[in-house]
DNA sequence: GGTTTCTCTGGACGGTCGTCCAGAAACCGT
DNA sequence: ACGGTTTCTGGACGACCGTCCAGAGAAACC
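Right under this line is the structure:
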């Protein structure tokens with residue numbers, strides 16, 4: 716049993732876990748800035764108030780740390796559209812709220828999103844990430860499903876495609892928009908909105 | 716002027732360029748196996764009949780090598796569906812041929828495809844790759860466009876979405892299928908076929 | 001207040017990385 | 001057969017990597 720696991724299984728988990736989260740959050744920021752391939756533990760430590768050693772004190776190894784980063788990322792973004800879904804009373808309102816958030820996060824959190832695609836790509840090579848990445852992908856799929864199924868409900872229609880396919884389509888649109896956003900294309904967000912506006916009505920149809 | 720550039724600008728380019736291509740091809744294979752983050756120049760050299768030094772003899776640095784890998788990749792896959800497009804006489808024939816190739820490459824060239832997504836992800840962090848990646852992405856977009864516009868032609872309809880949006884949608888579908896394929900899901904290819912069959916007819920409509 | 005436990009530091013360790021080069025080997029026209 | 005050029009080798013270089021630890025400092029407990 717590692718020191719970390721031992722520590723976690725004991726009583727006062729709160730403070731220990733809190734610091735882990737704090738460190739994971741800092742690591743997330745550094746990773747989003749540099750990318751997985753170019754981020755070392757020293758880069759991460761330098762982004763905190765602590766030294767390199769603490770990372771090994773709170774995490775067993777690099778994989779453990781990055782796994783917690785990924786979990787932190789998930790917590791941060793999986794509920795992004797839930798407010799909109801909960802409060803929208805008309806399909807137009809829902810669509811507009813969804814589009815707004817979509818374009819907003821594309822521009823303002825582009826670094827975080829590119830990290831997600833980076834890590835999902837890593838999971839195609841490294842088994843250690845596969846499980847967590849797959850879990851997050853599923854969470855994102857459900858997030859999209861909540862939006863679309865609610866949209867269908869509000870329009871009195873039903874989704875014509877499975878949750879999986881719907882997510883794949885939106886993910887493709889978002890990823891292309893992100894590429895253009897990061898390349899400095901000022902029209903990336905606008906074009907993403909336009910694309911979704913075009914696609915959205917075709918995904919649902921009268922039951 | 717570097718030694719490599721000097722060599723290239725002279726007369727007998729053929730043999731030099733041929734070896735560069737040979738090395739790039741070997742590098743491509745190694746990268747597809749290990750991924751960008753875990754592939755060193757020594758791994759690549761070990762996959763050839765030569766030593767580490769030759770890599771620096773034929774390429775100025777790692778970026779130069781990988782750039783040529785990416786170009787090699789492009790040459791290898793951008794014409795994948797052109798035969799089908801050229802020979803298909805009916806929409807059904809085209810759709811079936813497209814689906815066949817799509818599922819085939821998903822299974823048999825999954826390593827190469829995951830490398831593409833890996834490198835495209837890298838281009839979100841590293842400027843040096845951005846230009847080449849964007850160019851290949853455009854080539855792939857046009858590849859998809861040739862398929863879809865021909866499909867529309869054969870059905871007497873017209874594409875309802877722009878080339879860019881169409882590519883983003885297919886790319887999303889393919890990437891999700893690839894993730895499942897690499898995770899060992901035996902239904903990945905079948906499900907991709909099913910998804911495309913569902914989506915394809917919705918993308919074109921009577922002019 | 002003394003002692004145990006938790007937290008953190010700063011540096012060391014072996015290993016791998018990209019880069020570079022002196023010189024051997026192969027190839028060339030003459 | 002020979003001198004010049006191209007091609008290739010094998011190893012060296014400094015930098016950076018993840019990991020680990022001895023011990024300093026802080027906190028908690030008796």
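Protein chains in written order, with our numbering: chain H, 716 to 922; chain F, 716 to 922. For every residue, glycine included, the Cβ atom is placed at its ideal position computed from N, Cα and C. Treat the numbers as computed from the prediction; the structure is a model and nothing was measured.
Query raised in the report: Who are residue 921(F)'s beta bridge partners in DSSP?
Result: For the purposes of this step, residue 921(F) is taken as the residue at position 206 of the second chain. Note: residue 921(F) sits in a beta bridge opposite 872(F).
Query raised in the report: How far does the alpha helix (DSSP H) with residue 885(F) in it reach, from first residue to last?
Result: The count along the second chain starts at 1 and reaches residue 885(F) at position 170. Counting along the chain, the alpha helix (DSSP H) containing residue 885(F) begins and ends at 878-897.
Query - Rounded distance between the beta-carbons of residue 908(F) and residue 767(F), thought under 8 Å - result: As a working note, residue 767(F) is residue 52 in the second chain. As a working note, residue 908(F) is residue 193 in the second chain. Not confirmed; about 43 Å, so no contact.
**Report entry** Buried versus exposed, by CB contacts within 10 Å (16 or more), residue 912(F)
**Finding:** Start at 1 with the first residue of the second chain, and residue 912(F) comes out as number 197. Exposed: under 16 other Cβ atoms inside 10 Å.
Query - Residues of the segment 794-824 of chain F with Cβ closer than 7 Å to any Cβ of chain H, in chain order - result: none
**Report entry** Sub-8 Å separation of residue 826(F) and residue 747(F) beta-carbons
**Finding:** Position 111 of the second chain, counted from the start, is the residue given in the question as residue 826(F). Position 32 of the second chain, counted from the start, is the residue given in the question as residue 747(F). Contact: yes.
Query raised in the report: How would you list, in chain order, the residues of chain H whose beta-carbon sits under 8 Å from the beta-carbon of residue 839(F)?
Result: As a working note, residue 839(F) is residue 124 in the second chain. Under the 8 Å cutoff, chain H gives 750, 829, 832, 833, 893, 894 and 897.
Requested in this report: Using 10 angstroms around the beta-carbon of residue 847(H), count the other beta-carbons present and answer buried if the total reaches 16, otherwise exposed.
Outcome: Position 132 of the first chain, counted from the first residue, corresponds to residue 847(H). Buried.
**Report entry** Sub-8 Å separation of residue 839(F) and residue 832(H) beta-carbons
**Finding:** Position 124 of the second chain holds residue 839(F). Position 117 of the first chain holds residue 832(H). Contact: yes.
**Report entry** Extent of the continuous alpha helix (DSSP H) run through residue 912(F)
**Finding:** If you number the second chain from 1, residue 912(F) lands on position 197. It spans 903-914 - the alpha helix (DSSP H) in which residue 912(F) sits, taken as one unbroken run.
Query raised in the report: Near residue 879(F), what residues of its chain come up, given a Cβ to Cβ distance below 8 Å and the 5 sequence neighbours on each side ignored?
Result: As a first step, residue 879(F) is located in the second chain; it is residue number 164 there, counting from the start. Once the five neighbours on either side are set aside, the close Cβ partners of residue 879(F) are 856.
Query raised in the report: Of all the residues that make up the segment 904-921 of chain H, which are near chain F by a beta-carbon distance shorter than 8 Å?
Result: 906, 910, 913, 914 and 917
Query raised in the report: Of the choices 808(F), 874(F) and 891(F), whose alpha-carbon is the least far from that of residue 796(F)?
Result: Translated into the one-based positions of the second chain, residue 796(F) becomes position 81. It is 808(F).
Requested in this report: Report back the beta-carbon spacing between residue 868(H) and residue 920(H) to the nearest angstrom; my notes put them in contact at under 8 Å.
Outcome: In the first chain, counting from the first residue as 1, residue 868(H) sits at position 153. In the first chain, counting from the first residue as 1, residue 920(H) sits at position 205. The Cβ separation is near 13 Å, so there is no contact.
Report task. Taking only beta-carbon positions, decide if residue 902(H) is within less than 8 Å of chain F. Result -> Translated into the one-based positions of the first chain, residue 902(H) becomes position 187. Judged by the 8 Å Cβ criterion, residue 902(H) is not in contact with chain F.
Query - Member of 900(H), 770(H), 864(H) and 753(H) whose CA lies at the smallest distance from the CA of residue 731(H) - result: Against the first chain, residue 731(H) aligns to sequence position 16. Here the closest residue by C-alpha is 770(H).
Query raised in the report: Are the C-beta of residue 743(H) and some C-beta of chain F separated by less than 8 Å?
Result: As a position in the first chain, residue 743(H) is number 28, starting the count at 1. No, because no Cβ of chain F sits closer than 8 Å to the Cβ of residue 743(H).
**Report entry** Closer than 8 Å at the beta carbon, the chain H residues around residue 779(F)
**Finding:** Mapped onto the second chain, residue 779(F) falls at position 64. Within 8 Å Cβ-Cβ: nothing; residue 779(F) doesn't reach chain H, min ~17 Å.
Query raised in the report: Which residues, taken in chain order from the segment 868-890 of chain H, show a beta carbon closer than 9 Å to some beta carbon of chain F?
Result: 875, 876, 877, 879, 880, 882, 883, 884, 885, 886, 887, 888, 889 and 890
**Report entry** Whole-angstrom C-beta distance between residue 821(H) and residue 669(H), which should lie under 8 Å
**Finding:** With chain H covering 716 to 922 only, the question about residue 669(H) has no answer from this structure.
Query raised in the report: Whose Cβ in chain H lies nearer than 8 Å to the Cβ of residue 735(F)?
Result: Working through the second chain from its first residue, we reach residue 735(F) at position 20. Within 8 Å Cβ-Cβ: nothing; residue 735(F) doesn't reach chain H, min ~24 Å.
Query raised in the report: Skipping 5 residues on each side, what residues in its chain have a beta carbon closer than 8 Å to that of residue 757(H)?
Result: As a working mapping, residue 757(H) is identified with position 42 in the first chain. 767.
Report task. Could you tell me which uninterrupted alpha helix (DSSP H) segments, each at least 4 residues in length, are contained entirely in the segment 785-814 of chain H, listed from first to last along the chain? Result -> 797-802
Query raised in the report: Less than 8 Å separating the beta-carbons of residue 788(F) and residue 738(F)?
Result: In the second chain, residue 788(F) corresponds to position 73, counting from 1. In the second chain, residue 738(F) corresponds to position 23, counting from 1. The answer is no: Cβ separation not under 8 Å.
Query raised in the report: Does the separation of the CB atoms of residue 715(F) and residue 898(H) fall below 8 Å?
Result: Nothing can be reported for residue 715(F): it is not among the residues displayed for chain F, which extend from 716 to 922.
Query raised in the report: Just by C-beta distance, which residues in the segment 747-773 of chain H are closer than 9 Å to chain F?
Result: 748, 749, 750, 751, 752 and 753
Query raised in the report: With burial defined as no fewer than 16 other Cβ atoms inside 10 Å of the residue's Cβ, what is the status of residue 753(F): buried or exposed?
Result: Against the second chain, residue 753(F) aligns to sequence position 38. When all chains shown are included, residue 753(F) counts as exposed.
Query raised in the report: residue 800(F): buried (16+ other C-beta within 10 angstroms of its C-beta) or exposed?
Result: As a working note, residue 800(F) is residue 85 in the second chain. It is buried - the Cβ of residue 800(F) has at least 16 other Cβ atoms within 10 Å.
Query raised in the report: With distances taken from CA atoms, which of 778(H), 887(H) and 803(H) is nearest residue 842(H)?
Result: Against the first chain, residue 842(H) aligns to sequence position 127. Closest by alpha carbon: 778(H).
Query raised in the report: Hey, out of 803(F), 888(F), 851(F) and 805(F), whose CA is closest to residue 906(F)'s CA?
Result: Within the second chain, the letter at position 191 stands for residue 906(F). The shortest Cα separation from residue 906(F) among 803(F), 888(F), 851(F) and 805(F) belongs to 888(F).
Report task. Please confirm if residue 845(F) has its CB atom under 8 Å from at least one CB of chain H. Result -> As a working mapping, residue 845(F) is identified with position 130 in the second chain. Taking Cβ atoms only, chain H reaches closer than 8 Å to residue 845(F), which makes this a yes.
Report task. Going by CA-CA distance only, name the one from 764(F), 876(F), 918(F) and 818(F) that's closest to residue 890(F). Result -> Within the second chain, numbered from 1, the residue matching residue 890(F) stands at position 175. For the residues 764(F), 876(F), 918(F) and 818(F), the minimum Cα distance to residue 890(F) belongs to 818(F).
Query raised in the report: At a CB-CB cut-off below 8 Å, which residues of chain F make contact with residue 849(H)?
Result: To locate residue 849(H), count along the first chain from 1; it is residue 134. Within chain F, the residues near residue 849(H) are 894 and 898.
Requested in this report: May I ask which residues mark the beginning and end of the alpha helix (DSSP H) holding residue 832(H)?
Outcome: For the purposes of this step, residue 832(H) is taken as residue 117 along the first chain, with counting starting at 1. Residue 832(H) -> alpha helix (DSSP H) spans 825-837.
Requested in this report: Along the alpha helix (DSSP H) that carries residue 768(F), what are the first and last residues, could you check?
Outcome: Walking along the second chain from the start, residue 768(F) turns up at place 53. Element bounds for residue 768(F): 767-773.
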